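Comments concern the structure below.
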Amino acid sequence: MKVLRIKIDSWTASFRYPGFISGFQPTLPVPPVSTIYGLISAARGKLTVPEDVSIGYVFDFESKAVDLETIYELSPGLSAKSNVVRREFLYNPELYLYIDRLDFENYFRKPQYPLLFGRSGDLAKVSEIKELELGEDAGKRLGKTILPFGIKGAYGLVQALPSHFTDEIPRKAVGVKPYLLMDEFFTYPEKCLFDPEMDWAVWLHKN
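Given below as structure tokens:
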């Protein structure tokens with residue numbers, strides 16, 4: 001199967017847990033599927049959803065740390081007061097994104113909007129774009145990604161997350177379901193697509 005592999009990296013990343021509004025702000029260990037579709041939408045310059053393109057990805061980072069961040073809490077009447085929160089972030093993250101639309105290459109060569117790994121300060125850049133053929137085999141290492149809940153042999157954090165958001169105001173979450181967030185590899189016993197250069201399995205999220 002021919003795909004486009006896009007390597008995107010940054011200095012920092014922070015992927016918010018749903019439901020954490022105040023207090024300590026932890027980060028998810030890997031980006032949600034909705035974040036990936038947000039990246040593609042930013043590069044393309046228009047809303048992109050699972051019906052438009054299938055995605056797979058492998059995400060890694062060098063270390064995890066906590067920073068102090070100033071936030072502004074809005075009150076009725078457009079008044080605001082500042083506060084300081086502790087926010088967890090990932091250092092030196094890199095994402096290998098696989099998409100089944102080869103015609104999307106130009107979007108990542110000249111993105112329409114900035115690419116972000118979470119917050120507006122988590123600017124990311126495209127460092128490599130390559131067209132390649134994915135193989136298919138069993139017994140490959142799979143992980144450092146998000147998987148549908150219930151995959152044989154997979155383990156990790158279970159979290160209900162949307163597949164994407166609408167572009168209307170207020171934005172609405174679409175396709176919420178349980179996902180398994182894996183920040184390490186395991187040997188997947190069944191047949192799966194894999195990248196022969198990186199020697200890891202690629203789980204393709206399809207509509």
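Reminder that position 138 of the sequence shown reads as 138 in full-length UniProt numbering, one-by-one numbering, no gaps.
Even for Gly, the Cβ is constructed at its ideal location relative to N, Cα and C.
Since we're looking at a predicted model, the values are computed, not measured.
Cross-strand partners of D9 (DSSP beta bridge) | As a position in the sequence shown, residue 9 is number 9, starting the count at 1. Note: D9 sits in a beta bridge opposite E94, K125.
Identify the residues that DSSP records as bridge partners of M182: which are they?
-> As a position in the sequence shown, residue 182 is number 182, starting the count at 1. For M182, which the question treats as bridged, DSSP gives the partners T145.
Segment limits, beta strand (DSSP E) that includes E69 = As a position in the sequence shown, residue 69 is number 69, starting the count at 1. Note, E69: beta strand (DSSP E), 63-75.
Examine the Cβ distances between the stretch 70-86 and the stretch 162-180 and report whether three or more of them are shorter than 8 Å.
-> no
Mind checking F24: buried by the 16 CB within 10 Å criterion, or exposed?
-> Taking the sequence shown and counting its residues from 1, the one referred to as residue 24 is at position 24. F24 comes out exposed.
Alpha carbon to alpha carbon, how far is A173 from H164?
-> For the purposes of this step, residue 173 is taken as residue 173 along the sequence shown, with counting starting at 1. For the purposes of this step, residue 164 is taken as residue 164 along the sequence shown, with counting starting at 1. Distance between the alpha carbons of A173 and H164: 6 Å.
Beta-carbon proximity of I55 to I6, cut-off 8 Å | Position 55 of the sequence shown, counted from the start, is the residue given in the question as residue 55. Position 6 of the sequence shown, counted from the start, is the residue given in the question as residue 6. No, they are not a contact pair.
On a CA-only basis, which of T12, A65, V49, L193 is nearest G139? Give me that one, please.
-> If you number the sequence shown from 1, residue 139 lands on position 139. For G139, the nearest C-alpha among the options comes from L193.
Starting from the C-beta of residue 212, find all residues in its chain whose C-beta is less than 8 Å away, skip the five residues before and the five after it, and write them out in chain order.
-> The shown model of the chain, from 1 to 207, leaves out residue 212, and the question about it has no answer.
C-beta atoms of F59 and P31 nearer than 8 Å | Reading the sequence shown from its first residue, position 59 is the one you call residue 59. Reading the sequence shown from its first residue, position 31 is the one you call residue 31. Contact annotation: F59 and P31 have beta-carbon atoms nearer than 8 Å.
Between E133 and the rest of its own chain, which residues show a CB-CB distance below 6 Å, the 5 nearest in sequence each way excluded?
-> For the purposes of this step, residue 133 is taken as the residue at position 133 of the sequence shown. Once the five neighbours on either side are set aside, the close Cβ partners of E133 are K2.
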